[in-house]
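Notes follow once the structure below has been shown.
Numbering (our numbering), first residue to last: 644 to 1038.
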């Protein structure tokens, strides 16, 4: 599904040897994470040095962000069969700094923006604005606040008519963006070219720590899986999930698996509800006891709690918060829920130990069989954070 489709139809660095040498360390670290529930925080050394991996226990985080209260009404959806409260957040939940409150330097409303963690915060780039013009500005967000970056290089704001794919790569200590057939990396102040890349529609990108590589999945009707070792892209297994767009792709560090779920089918056919896992070699279809509503999903792995958090489309036009724990899906009862949306940007940010959600097309379109769709869309620049038990709106 392209951006145009969404508007017109309802929705029913280091060398390869260096990376390989770190692969054994990363595999060992992943095993320790699973065994003792530790969070891995990857801190890149500045300059030409190699990456250094440090660990911190999930319940010994430094500071807790302030608890603000959202004025957004809670979702009233009644579609889930497995509603239960979210688990309590660990004591002292937070990161080295609190989530900076937006100031005067803040992006305008947009959808399809690239959002990725960095060693010191996160970067937000591109997308398409409320005037439907491409945005090629970048914002750095660090402990000391928000700042618009004075960049001289501009990757594609969108990849054709789909959002670009972006993820943080700890092996090089930079966020990596894939779009327009090229690979780019964020060095903290500007984008640098890293060569060519597969040009896939509706692509998603994650970093697979167990195999020390980026995983790129997309192409709409015919799904493809590619991996990047820091120097070159390699096409992988052919047994990919069925064609779709607006799906969620998440790397689960606690289980050393990449999960793909949800989405909207290309061409307006069936809407996928299946769940797939990638073990570094092949895809396998999972069969959880419960499933979120079908349709587009926005998700991120919450490394502070070792679960995936997803926003799903409820049939009544509301949003629902769901949690994947590696075994089953659970619908969470939250006091506050962001409006459901298309092409929102979500990522886990280690320095604040929070999942962050920005912007997108807030979508309230509903359709009953044989009836004309009702509702509308609004392009927004709202900002939400997930604490482990609830959503808080910061803007």
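All residues carry an ideal CB built from backbone N, CA and C; glycine is no exception.
Start and end residues, beta strand (DSSP E) containing residue i
i: residue 815; result: Careful: residue 815 lies outside any beta strand (DSSP E) and carries neither H nor E.
i: residue 893; result: 891-895
i: residue 952; result: 950-956
i: residue 870; result: 867-871
i: residue 920; result: 918-921
i: residue 860; result: 856-861
i: residue 763; result: From DSSP, residue 763 is part of no beta strand (DSSP E); its letter is neither H nor E.
i: residue 788; result: 788-791
i: residue 825; result: 825-829
DSSP state of residue i mapped onto helix, strand, coil
i: residue 1034; result: strand
i: residue 749; result: coil
i: residue 783; result: strand
i: residue 971; result: coil
i: residue 989; result: strand
i: residue 1021; result: strand
i: residue 997; result: strand
i: residue 848; result: strand
i: residue 964; result: strand
i: residue 945; result: strand
i: residue 835; result: strand
i: residue 940; result: strand
i: residue 775; result: coil
i: residue 1006; result: strand
i: residue 802; result: strand
i: residue 757; result: strand
i: residue 899; result: coil
i: residue 874; result: coil
i: residue 843; result: coil
i: residue 879; result: coil
i: residue 976; result: strand
i: residue 1028; result: strand
i: residue 984; result: strand
i: residue 929; result: strand
i: residue 906; result: strand
i: residue 709; result: In this predicted model, residue 709 has a pLDDT of only 36, less than 50, meaning its place in the structure is not dependable enough to derive any value.
i: residue 888; result: strand
i: residue 769; result: coil
i: residue 822; result: strand
i: residue 809; result: strand
Reference residue i; option with closest CA among the options
i: residue 930; options: 917, 923, 1033 and 942; result: 917
i: residue 788; options: 801, 765 and 900; result: 765
i: residue 975; options: 986, 962 and 969; result: 962
i: residue 823; options: 899, 816, 813 and 797; result: 797
i: residue 843; options: 832, 850, 864 and 872; result: 864
i: residue 982; options: 1001, 965, 1005 and 934; result: 1005
i: residue 768; options: 1035, 908, 1001 and 901; result: 1001
i: residue 950; options: 957, 965, 920 and 941; result: 965
i: residue 989; options: 784, 792 and 1003; result: 1003
i: residue 1034; options: 953, 971 and 970; result: 953
i: residue 831; options: 807, 854 and 791; result: 791
i: residue 848; options: 999, 806, 763 and 973; result: 806
i: residue 935; options: 839, 972 and 887; result: 972
i: residue 762; options: 1019, 813, 781 and 924; result: 813
i: residue 881; options: 828, 995, 924 and 1031; result: 924
i: residue 871; options: 901, 846 and 826; result: 826
i: residue 941; options: 841, 773, 738 and 754; result: 754
i: residue 970; options: 1037, 977, 740 and 902; result: 902
i: residue 780; options: 1021, 873 and 794; result: 794
i: residue 908; options: 862, 991 and 948; result: 862
i: residue 836; options: 874, 867 and 856; result: 874
i: residue 833; options: 991, 748 and 820; result: 820
i: residue 838; options: 920, 775 and 828; result: 828
Beta-carbon proximity check, residue i vs residue j, cutoff 9 Å
i: residue 883; j: residue 860; result: yes
i: residue 1028; j: residue 984; result: no
i: residue 967; j: residue 895; result: yes
i: residue 939; j: residue 960; result: no
i: residue 778; j: residue 756; result: yes
i: residue 899; j: residue 922; result: yes
i: residue 850; j: residue 810; result: yes
i: residue 879; j: residue 915; result: no
i: residue 943; j: residue 893; result: yes
i: residue 594; j: residue 818; result: Since the first residue shown for the chain is 644 and the last is 1038, residue 594 is missing from the structure and cannot be characterised.
Check: residue i C-beta below 8 Å from any heavy atom of the ligand SAH
i: residue 908; result: As presented, the structure is devoid of all ligands, the ligand SAH included, so that no description of it is given.
Within-9 Å CB hit, residue i to chain C
i: residue 907; result: Of the chains in the structure shown, none is chain C; there is only one protein chain.
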